[in-house]
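Sequential numbering from 1 applies to the first sequence in our numbering.
To start, the structure itself, in structure tokens.
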Amino acid sequence: MCGRYVLVMDEDGIAKLIQEQDIDHEWFSRLEQEGRVLETSSTERPSFTSYNIAPTHLAPIVINRSGSRQLELARWSFVPSFWSNDPSENPKFSTFNARDDKLKSSGFWRGAVEQYRCMVPATGFYEWEKAGKERLPHYIHRKDGEMMALAGLYSLRANPETGETLTTFTVVTTPTNRFMEPLHDRIPLVLGGIEDELWSVWLDPRTRFEQVERHVASREWPEMAMHRVSTDVNATGKAKYKNEPGLIEPVKRVEEQGGLL
DNA sequence: CCAGACGTTGTT
DNA sequence: GTCTGG
DNA sequence: CCAGACGTTGTT
DNA sequence: GTCTGG
Numbered sequence: 001m002c003g004r005y006v007l008v009m010d011e012d013g014i015a016k017l018i019q020e021q022d023i024d025h026e027w028f029s030r031l032e033q034e035g036r037v038l039e040t041s042s043t044e045r046p047s048f049t050s051y052n053i054a055p056t057h058l059a060p061i062v063i064n065r066s067g068s069r070q071l072e073l074a075r076w077s078f079v080p081s082f083w084s085n086d087p088s089e090n091p092k093f094s095t096f097n098a099r100d101d102k103l104k105s106s107g108f109w110r111g112a113v114e115q116y117r118c119m120v121p122a123t124g125f126y127e128w129e130k131a132g133k134e135r136l137p138h139y140i141h142r143k144d145g146e147m148m149a150l151a152g153l154y155s156l157r158a159n160p161e162t163g164e165t166l167t168t169f170t171v172v173t174t175p176t177n178r179f180m181e182p183l184h185d186r187i188p189l190v191l192g193g194i195e196d197e198l199w200s201v202w203l204d205p206r207t208r209f210e211q212v213e214r215h216v217a218s219r220e221w222p223e224m225a226m227h228r229v230s231t232d233v234n235a236t237g238k239a240k241y242k243n244e245p246g247l248i249e250p251v252k253r254v255e256e257q258g259g260l261l
């Protein structure tokens, strides 16, 4: 299910990602305003790095607008356009994932899957193993260390007070594969690597959802690897929240550490 | 027709 | 247990 | 996703 | 908005 992920996108990574597209410079200024620039450079070229992206955080997504692809900062937790956009009214439930089998049958996702598909760039994501009361996080990433493209849906809503457009998104999930089965029965819909054509196909509203899904749903992931990481990533909130490269470093299980405790 | 709900994961 | 916040 | 809070009255 | 239930 993908409820926490990592994106290490340096300047070259963005350049590689957007290639022929124009990036709004608004994008970079907004990053700064939100205080979400975790890695700043002296140049004006934007970058984005977070080792701990959680629901409600802002993260970059790629969308189709006015016939071109754009990189947008969006809030992770989809809010449909038909819900109140009064900031004082909170959504009734959180929607950071969307089941692939519900996209067409539920009115909640219907409009988005037809008109508002997005690509969520990720370097890797976390998955927790339940061990009694403990939640042991694992990091799943491509063996080559490159970014991957997750299937997502987004919505645009105008904030009536500020007039600003609020972009929100969700990550599509699908039944697990053999690689992930030991950890979870649902996994994110990975459209492939960042150079893969498939995510462009996904963004094209003329593409039928079933067409893309047939290629990627529950396929095996020979390109992926995983290892356990420190529970440092678990914490949210202000006091204990961590966001540092060490979060994705491998740690051994206690029983493998030679009883040092 | 109108009114009301619209999600996920994981657990049992 | 369930809901909220990050 | 996980962690943390979850209530009231009455006071400043 | 769109789907379901009555």
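Think of the CB as a built atom: it goes at the ideal place given N, C-alpha and C, for glycine as much as any other residue.
Of the listed residues the options, nearest to residue i (C-alpha basis)
| i | options | result |
| --- | --- | --- |
| residue 134 | 236, 104, 243, 230 | 230 |
| residue 95 | 146, 173, 136, 143 | 173 |
| residue 6 | 146, 154, 52 | 52 |
| residue 215 | 124, 202, 225 | 202 |
| residue 246 | 226, 236, 232, 48 | 232 |
| residue 55 | 183, 169, 197 | 169 |
| residue 154 | 176, 127, 112 | 112 |
| residue 68 | 104, 181, 175, 204 | 204 |
| residue 197 | 8, 13, 17, 2 | 17 |
| residue 124 | 103, 64, 224 | 224 |
| residue 199 | 208, 188, 212 | 212 |
| residue 14 | 189, 140, 195, 182 | 195 |
| residue 252 | 137, 65, 126 | 137 |
For residue i, the first and last residue of its enclosing alpha helix (DSSP H)
| i | result |
| --- | --- |
| residue 111 | 107 to 115 |
| residue 200 | 198 to 203 |
| residue 13 | 11 to 18 |
| residue 169 | Not the alpha helix (DSSP H): residue 169 falls in the beta strand (DSSP E), residues 165 to 175. |
Whole-angstrom distance between residue j and residue i, CA atom to CA atom
| i | j | result |
| --- | --- | --- |
| residue 10 | residue 222 | 25 Å |
| residue 4 | residue 59 | 12 Å |
| residue 243 | residue 145 | 19 Å |
| residue 41 | residue 129 | Residue confidence is low: residue 41 scores 48 on pLDDT, short of 50, so the model does not pin down where it sits. No coordinate-derived value is stated. |
| residue 193 | residue 166 | 28 Å |
| residue 108 | residue 164 | 23 Å |
| residue 186 | residue 46 | 33 Å |
| residue 210 | residue 239 | 43 Å |
| residue 206 | residue 57 | 30 Å |
| residue 299 | residue 161 | It is not possible to answer for residue 299, since the shown part of the chain is limited to 1 through 261. |
| residue 35 | residue 74 | For residue 35, the predicted model reports a pLDDT of 49, less than 50, meaning its position is unreliable; a value from the coordinates is still stated below. Residue 35 and residue 74: Cα-Cα distance of roughly 14 Å. |
| residue 48 | residue 76 | 15 Å |
| residue 100 | residue 177 | 15 Å |
| residue 227 | residue 237 | 25 Å |
| residue 234 | residue 63 | 30 Å |
| residue 269 | residue 182 | Residue 269 falls outside the range modelled here, since the chain spans only 1 to 261, and no answer is possible. |
| residue 156 | residue 102 | 21 Å |
| residue 171 | residue 159 | 23 Å |
| residue 2 | residue 106 | 21 Å |
Residue i classed as buried or exposed, judged by whether at least 16 other C-beta atoms fall within 10 angstroms
| i | result |
| --- | --- |
| residue 142 | buried |
| residue 39 | Note that residue 39 scores 47 on pLDDT, short of 50, meaning its location in the model is unreliable; the coordinates nonetheless yield the value given after this. Classification for residue 39: exposed. |
| residue 12 | exposed |
| residue 72 | buried |
| residue 220 | exposed |
| residue 262 | Here the chain has residues from 1 to 261 only, and residue 262 is not among them. |
Limits of the beta strand (DSSP E) - the one that residue i falls within
| i | result |
| --- | --- |
| residue 82 | No beta strand (DSSP E) holds residue 82; DSSP gives it neither H nor E. |
| residue 214 | No beta strand (DSSP E) holds residue 214; the alpha helix (DSSP H) holding it covers 209 to 216. |
| residue 242 | Careful: residue 242 lies outside any beta strand (DSSP E) and carries neither H nor E. |
| residue 227 | 224 to 228 |
| residue 147 | Taken as a continuous stretch (DSSP letters only), residue 147 belongs to no beta strand (DSSP E), as it is neither H nor E. |
| residue 74 | 68 to 76 |
| residue 65 | 58 to 65 |
| residue 193 | 190 to 193 |
| residue 98 | 97 to 99 |
| residue 128 | 124 to 131 |
Heavy atom of the ligand SAH within 7 Å of residue i beta-carbon
| i | result |
| --- | --- |
| residue 165 | Annotation note on the ligand SAH: not contained in the displayed structure, which lists no ligands. |
Check your understanding: Counting pairs of Cβ atoms below 8 Å between the segment 107 to 120 and the segment 144 to 164, do you hit three or more?
Key -> yes
Practice item. Would you check if there are 3 or more beta carbon pairs closer than 8 Å linking the segment 109 to 118 to the segment 76 to 84? Key: yes
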